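Here the structure is laid out as structure tokens; the discussion comes afterwards.
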Amino acid sequence: MSLVLFDTLRRDKVPFEPREAGSVSMYVCGPTVQSDAHVGHGRLAVVTDVLRRYLAFSGLTVTFVQNVTDIDDKIIMRARREKVDPAVIATRYTRAWNRSMDLLNIQPPDIQPLATGHLLEMQALIQELIDQDKAYAVDGDVFFRVRRFEGYGKLSRRQVDDMQQGDDVVDSDRKEDPLDFAMWKSAKPDEPSWPSAWGDGRPGWHIECSAMAVKHLGEGFDIHCGGLDLVFPHHENEIAQHEAAHGGTFARHWVHNGMVRMGEDKMSKSVGNVVALDEALATWGLGPMRLWYLSAQHRTPLTFDTERLRDASTVHQRFTTFVRSARQIVSDDTSPDVSVADPHRAAFIAVMDDDLNAPAAVAALHELVSDGNDRLKKAAAGDQAEQQAVLALADLLVELADRVLGIGIDDWLGEAAALEARIGPLVEGLLDARKQARADRDFETADAIRDQLTATGVVVEDGPDGATWYVAAPLPDPTPDA
RNA sequence: GGCGGGGUGGCCAAGUGGUAAGGCAGAGGACUGCAAAUCCUUUAUCACGGGUUCGAUUCCCGUCCCCGCCUCCA
1 MSLVLFDTLR RDKVPFEPRE AGSVSMYVCG PTVQSDAHVG HGRLAVVTDV
51 LRRYLAFSGL TVTFVQNVTD IDDKIIMRAR REKVDPAVIA TRYTRAWNRS
101 MDLLNIQPPD IQPLATGHLL EMQALIQELI DQDKAYAVDG DVFFRVRRFE
151 GYGKLSRRQV DDMQQGDDVV DSDRKEDPLD FAMWKSAKPD EPSWPSAWGD
201 GRPGWHIECS AMAVKHLGEG FDIHCGGLDL VFPHHENEIA QHEAAHGGTF
251 ARHWVHNGMV RMGEDKMSKS VGNVVALDEA LATWGLGPMR LWYLSAQHRT
301 PLTFDTERLR DASTVHQRFT TFVRSARQIV SDDTSPDVSV ADPHRAAFIA
351 VMDDDLNAPA AVAALHELVS DGNDRLKKAA AGDQAEQQAV LALADLLVEL
401 ADRVLGIGID DWLGEAAALE ARIGPLVEGL LDARKQARAD RDFETADAIR
451 DQLTATGVVV EDGPDGATWY VAAPLPDPTP DA
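Heads up, the first sequence stops at 482 in my numbering, and the numbers go up one at a time, no gaps.
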């Protein structure tokens, strides 16, 4: 394994060196469960999922932790609007999140810690900081003294003195310094709260990740992931809380993904331009969605629009078509000729090792498919060597696209096959009629039958040995906004 | 204002100090009754102006434009 990752802290690509040879610990900032996942969340999920899969593919044992923020201002506000307990909201959207992640073919976390399940760990960390005079309690709130941590700003490359001393700082009357941030918030009427040494209250946002990451992965865990928009203040504060209290290194590598854009704007709840992830998946399908997510390097912005999703759908068709064709013409007793596939495997690995260059990795798969398609004709004619080559290429495509990139080609072909089995007799009957029509040179009838089948998603292809057919993934009609 | 990222063919998108992967779309051709799928051919001097260099799209400086963060945010 010679993976190189761009590390936000060092602002450079650095060789990935795990804390412990052979295993990797990953922590990913999870959702605040207050509404449905949107397409932007999906990007974080896919980027971290592919990183995780690639590490495992490279032979490492991965421990993947993603938290759930189940107590937060927005959850409380939503609960008030709906007149239910905040826990109802948190439970509902935790379930929804997990379901959406399943639909996106995201491997579930090994550990999914809840903020509300780690009050003791958070309080212990806060107390430690107070004991060290790096935090202070005021009227039941506890704030972190930013200026007492000399490393503050190292992740986001900010100088403490340059930071905007905003006018709209919350709790500015109680903070010693406007830059200080809350780790514990005193209970307000009708809010969920937990007892603490500083009075009843609830945790601030940043403290949960510092506490839970170290609780489940230990200090100096390998990779911390999150959206680029979390670099400051969230990740900066996570580092500050842990390193101010314990010294050492909080996380060894920081991987951040770029934002999804709608037109020129970031897709976000506050802008109000979000598209629900489930809705996008229902429209476009898993394979096209994941290929779209992988169509740009993970740190650059990615625009969600119809044209790009259609491109991704076309790519998905090309990949699945090749695998289907290869499997159709290869006889059962054929064994794959791996030597043909190996250069493609090496090309894929080379670019993935380079900071997970997914667009280049997909390009490598395209070259694999081109190679395979090129051999298809001879293989179909019975050339044994070419059959072995084609089989190896199809196997490799499925291995890389599915196991590493999570595109789900095999699953899709399986679904299509099930459908084909069910409608087979019907289609065969129509094709018999069409065959007769063609023999009679009645092309009008023949084409009408084919058009009808096409309209229902059945692709008919005429070959030297008669017509073959299969169920194709439907391409959605073009709509203004995906 | 501070910090960071970016401007590559019609569109998307990699990449490199020695004249630029891959995909989509388009055009032409092969195959086909016509299609579909597939194959072949075909389209760029890399925002602009300087500089360094034998040579820059790739390094440096400046200009213009776009985006993100600086408040909740994947």
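For every residue, glycine included, the Cβ atom is placed at its ideal position computed from N, Cα and C. All figures in this text were calculated on a predicted structure; none of them were measured in a lab.
Give the secondary structure of residue i by DSSP, where H, G and I count as helix, E and B as strand, and everything else as coil.
i: GLU17; result: coil
i: ASP481; result: The predicted model places ASP481 with a pLDDT of 40, which falls under 50 and marks its position as unreliable; any figure quoted below should be read in that light. ASP481: coil per DSSP, three-state reduction.
i: CYS209; result: helix
i: ILE239; result: helix
i: GLY117; result: helix
i: LEU281; result: helix
i: GLU176; result: coil
i: VAL28; result: strand
i: VAL275; result: coil
i: MET101; result: helix
i: GLY204; result: coil
i: SER496; result: Any question about residue 496 goes unanswered here, given that the chain covers just 1 to 482.
i: ALA363; result: helix
i: VAL84; result: coil
i: GLN387; result: helix
i: TYR136; result: strand
i: PHE149; result: coil
i: ALA182; result: strand
i: ILE130; result: helix
i: ILE89; result: helix
i: ALA303; result: The sequence shown places Thr at residue 303, not Ala. Looking at THR303 - three-state DSSP - the assignment turns out to be strand.
i: ASP12; result: strand
Note the first and the last residue of the continuous beta strand (DSSP E) segment covering residue i.
i: LYS188; result: Counting along the chain, LYS188 falls outside any beta strand (DSSP E), and DSSP gives it neither H nor E.
i: TRP254; result: 251 to 257
i: HIS224; result: 221 to 227
i: GLY263; result: Where GLY263 is concerned, there is no enclosing beta strand (DSSP E), given that its DSSP letter is neither H nor E.
i: TRP469; result: 466 to 471
i: ARG290; result: Per DSSP, ARG290 belongs to no beta strand (DSSP E); it is in the alpha helix (DSSP H), 286 to 293.
i: GLY40; result: Premise fails: GLY40 lies in the alpha helix (DSSP H), 39 to 57, not in any beta strand (DSSP E).
i: GLY463; result: 458 to 463
i: VAL4; result: 4 to 7
i: PHE143; result: 141 to 144
i: THR63; result: 61 to 66
Compare the Cα-Cα distances from residue i to each of the options and report the closest residue.
i: ALA439; options: ALA360, GLY466 and GLY406; result: GLY466
i: GLY372; options: ASN105, VAL398 and LYS74; result: VAL398
i: VAL214; options: ALA182, ALA187 and GLY247; result: GLY247
i: LYS377; options: ALA341, VAL330, PHE232 and SER58; result: VAL330
i: ASP342; options: LEU400, PHE322 and THR320; result: LEU400
i: VAL4; options: VAL146, SER58, LEU356 and HIS41; result: LEU356
i: THR63; options: LYS175, GLN317, ASP410 and LEU51; result: LEU51
i: ILE286; options: VAL46, PRO359 and VAL14; result: According to the sequence as given, residue 286 is Leu; it is not Ile. Of VAL46, PRO359 and VAL14, the residue nearest in Cα terms is VAL46.
i: LEU120; options: ARG308, GLU208 and PRO288; result: GLU208
i: ALA501; options: THR61, PHE6, GLY30 and HIS41; result: The first residue shown for the chain is 1 and the last is 482, placing residue 501 beyond what the model contains.
i: PRO483; options: ALA361, ALA379, ALA350 and ILE71; result: For residue 483 there is no data in the structure shown, the boundaries of the chain being 1 and 482.
i: LEU430; options: ARG422, ARG53, VAL404 and GLN452; result: GLN452
i: GLY199; options: HIS206, ALA187 and SER210; result: ALA187
i: ASP333; options: ARG299, ALA385, SER370 and ARG308; result: ALA385
i: SER25; options: THR283, THR48, ILE106 and LEU44; result: THR48
Where do the ends of the alpha helix (DSSP H) carrying residue i lie?
i: GLY424; result: 409 to 439
i: GLN159; result: From DSSP, GLN159 is part of no alpha helix (DSSP H); its letter is neither H nor E.
i: VAL527; result: For residue 527 there is no data in the structure shown, the boundaries of the chain being 1 and 482.
i: ARG308; result: 306 to 329
i: THR454; result: 443 to 455
i: ASP72; result: Looking at the DSSP string, ASP72 is not in any alpha helix (DSSP H), and its letter there is neither H nor E.
i: ASP342; result: 338 to 353
Pull up the CB-CB distance for residue i and residue j, whole angstroms please, since I reckon it's below 8 Å.
i: THR8; j: VAL315; result: Not a contact, Cβ separation roughly 30 Å.
i: PRO18; j: ASP222; result: 5 Å
i: ALA296; j: PRO359; result: 6 Å
i: ALA115; j: PRO203; result: 6 Å
i: VAL160; j: GLY151; result: So it is not a contact: roughly 10 Å between Cβ atoms.
i: TYR54; j: MET352; result: 6 Å
i: TRP205; j: VAL142; result: The Cβ separation is near 13 Å, so there is no contact.
i: ARG345; j: LEU396; result: 6 Å
i: ARG434; j: PHE57; result: At roughly 45 Å, the Cβ-Cβ gap does not stay under 8 Å, so ARG434 and PHE57 are not in contact.
Touching by the beta-carbon criterion (3+ pairs, under 8 Å), the segment 303 to 311 and the segment 260 to 272: yes
Spell out a yes or no on whether the segment 270 to 279 and the segment 386 to 394 are touching, meaning 3 or more CB-CB pairs, one atom from each, closer than 8 Å. no
Count Cβ pairs between the segment 277 to 296 and the segment 415 to 429 that sit closer than 8 Å; are there 3 or more? no
Are the segment 171 to 180 and the segment 188 to 197 touching, with three or more C-beta to C-beta distances below 8 Å? no
Can at least three beta-carbon pairs, one atom from the segment 32 to 44 and one from the segment 84 to 102, be found at a separation below 8 Å? yes
Say whether the segment 65 to 75 touches the segment 308 to 322, bearing in mind that this needs 3 or more beta-carbon pairs closer than 8 Å, one atom from each stretch. no
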